[in-house]
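Novice: Below is one structure. I have some questions about it.
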Amino acid sequence: MKFRNSTLIAAFGLFCSVLNAQSIEVPQTKIPMFTKIAADWCPPCGGWGWNFYEGALDDNSAKAMVWTIHHSGGLTNSTASKIAHNFNIIGQPEFYLDMTKEPVNSSNYTTYFTTLSNQVNNLAAGDPLAQTGLIAAHADEELKVVTKTRFFNPTDGGEYRLGVYLVEKLYVGFQQSQGNNAQHKELFRRKLTTDDFGMLLTDQAIAAGTEFSLQTSVPWSEITYPQSNIRIVTVIWKKDGNRYLAVNTNYTDFIQDGLVSTNERIEPNLTLQIWPNPLEDQGSLWLKNPVQLQRLNIDLFDRSGRLIKNLFNGQVPAGENNLPFSVAGLPQGSYLIRATTATESIARWAVVK
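Position 260 of the sequence shown, counted from 1, bears residue number 872 in the working numbering, the numbering being contiguous throughout.
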């Protein structure tokens with residue numbers, strides 16, 4: 613596997629990347645991590661564990677990052693095994709919310725869904741220590757991921773790392789107790805950085821508002837999954853002895869196609885800001901463009917990359933422009949707003965509360 617990655621403490625620095633890190637919005641959200649530990653040879657993993665995971669995914673995928681990690685068998689790999697054993701597992705299936713093992717088993721799983729959902733809701737309502745915004749693109753024959761991590765609160769030290777991972781949203785293959793055509797959902801596939809637990813963010817005390825930027829890329833020839841079936845996941849880890857504890861997660865399966873080039877300018881011609889952010893019913897898009905745009909298209913996507921609505925499509929005069937839009941009726945959560953012209957495309961994250 614080939615990786616190209618670099619980090620930059622960007623509180624006051626210049627981030628020279630094929631994507632402009634300053635264009636990445638960092639949502640002030642807490643997204644809990646729900647993990648199923650499994651193995652494809654394990655009968656209970658395809659039995660009660662399968663049924664519980666299906667229900668947990670349906671109930672909590674809007675507020676949590678949900679994935680399955682195989683620590684053994686035909687669907688594991690070195691990174692999957694290391695992350696799985698980071699939970700101090702003793703068997704399979706096992707289920708973890710962040711780093712806490714859920715006491716669910718074959719006898720109680722049918723009545724445990726409400727308990728789990730309440731725990732997810734409580735964690736998601738918490739004040740995040742830090743969060744990561746990310747943009748992913750298929751460009752220049754590579755999968756490129758650019759991130760920006762912001763610490764909303766100060767830390768008194770400790771080692772923090774940012775893991776970037778690829779998840780296959782749906783894989784059809786063998787699972788004991790399910791057969792050869794089992795539909796494995798949100799299956800951990802690989803790391804996208806050199807280290808299993810990602811790139812170092814900091815190992816010193818930092819002030820609130822400090823930002824770190826990371827970019828990583830791998831050859832697209834190594835990505836053996838359809839682009840539409842990929843989810844990119846980030847996990848902020850804090851080292852605790854010989855373990856890494858999950859601090860926060862984020863994800864996107866919106867993989868921009870051919871958006872960037874190594875020859876692009878660092879600063880885009882088009883500037884886009886969202887006000888206010890978070891949003892309630894109404895918002896405004898502030899645009900600054902040096903020349904008249906014959907065609908500007910602005911779309912709103914949910915976290916899964918599904919187009920929700922078009923916010924604007926038309927001509928825009930040169931200068932500063934304000935375009936009002938409505939998010940009335942949209943569920944709470946994070947959304948991607950993408951502005952596209954004939955020559956460039958930029959994206960911003962917005963939070964609807």
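Backbone N, C-alpha and C fix where the C-beta goes; we use that ideal spot for every residue, glycine too.
Which residue comes first and which comes last in the beta strand (DSSP E) that contains W898?
Specialist: That run of the beta strand (DSSP E) goes 894-901.
Novice: Is Q885 buried or exposed, if buried means 16 or more other CB atoms sit within 10 Å of its CB?
Specialist: It is exposed - the Cβ of Q885 has fewer than 16 other Cβ atoms within 10 Å.
Novice: Check for me: the beta strand (DSSP E) holding N841 runs from which residue to which?
Specialist: No beta strand (DSSP E) contains N841, which DSSP labels as neither H nor E.
Novice: Give me whichever residues DSSP pairs with Y777 in a beta bridge.
Specialist: In the DSSP output, where bridge partners are listed per residue, Y777 has K803, V845.
Novice: Are C657 and A650 touching if we call contact CB-CB under 8 Å?
Specialist: Yes, they are a contact pair.
Novice: Who pairs with V757 in a beta bridge, going by DSSP?
Specialist: Paired residue(s): A748, T828.
Novice: By how many angstroms is the C-alpha of K648 removed from the C-alpha of Q787?
Specialist: Taking the straight line from one Cα to the other gives about 14 Å.
Novice: Please classify G745 as buried or exposed, where buried requires at least 16 other C-beta atoms within 10 Å of its C-beta.
Specialist: The residue is buried, with at least 16 neighbouring Cβ atoms inside 10 Å.
Novice: Are at least three pairs of beta-carbons, each pair with one atom in the stretch 795-807 and one in the stretch 761-780, less than 8 Å apart?
Specialist: Short answer: they touch.
Novice: Which whole-angstrom value describes the C-beta separation of E714 and F707, a residue pair presumed to lie in contact below a C-beta threshold of 8 Å?
Specialist: Going by Cβ atoms, the distance from E714 to F707 rounds to 4 Å, so yes, they are a contact pair.
Novice: Could you have a look at G945 and say whether DSSP puts it in helix, strand or coil?
Specialist: Residue state, collapsed to three classes: strand.
Novice: Taking the DSSP output, what are the residues bridged to Q795?
Specialist: V784, per the DSSP bridge assignment.
Novice: Measure the C-alpha to C-alpha separation of V758 and S719 and round it to an integer number of angstroms.
Specialist: Rounded to the nearest angstrom, the two C-alpha atoms are 44 Å apart.
Novice: Round the Cβ separation of C654 and Q704 to the nearest angstrom and send it over; I've been treating them as touching at under 8 Å.
Specialist: That belief holds up - the Cβ atoms of C654 and Q704 are roughly 5 Å apart, short of 8 Å.
Novice: With a threshold of 6 Å on Cβ separation, who are the neighbours of E771 within its own chain once the five nearest residues in sequence on each side are excluded?
Specialist: Same-chain partners within the cutoff: D815, K851.
Novice: Could you tell me which of W849, S729, G769 sits nearest to G775, measuring between CA atoms?
Specialist: Nearest option by C-alpha distance: W849.
Novice: Which partner residues does P936 have in the DSSP bridge list?
Specialist: According to DSSP, P936 bridges with S896.
Novice: Between the C-alpha atoms of R877 and N901, what's the straight-line distance to the nearest angstrom?
Specialist: Any reading at R877 needs caution, since the residue's pLDDT is 31, under 50, leaving its predicted position unreliable; the model's value is listed next. Cα to Cα, R877 sits roughly 15 Å from N901.
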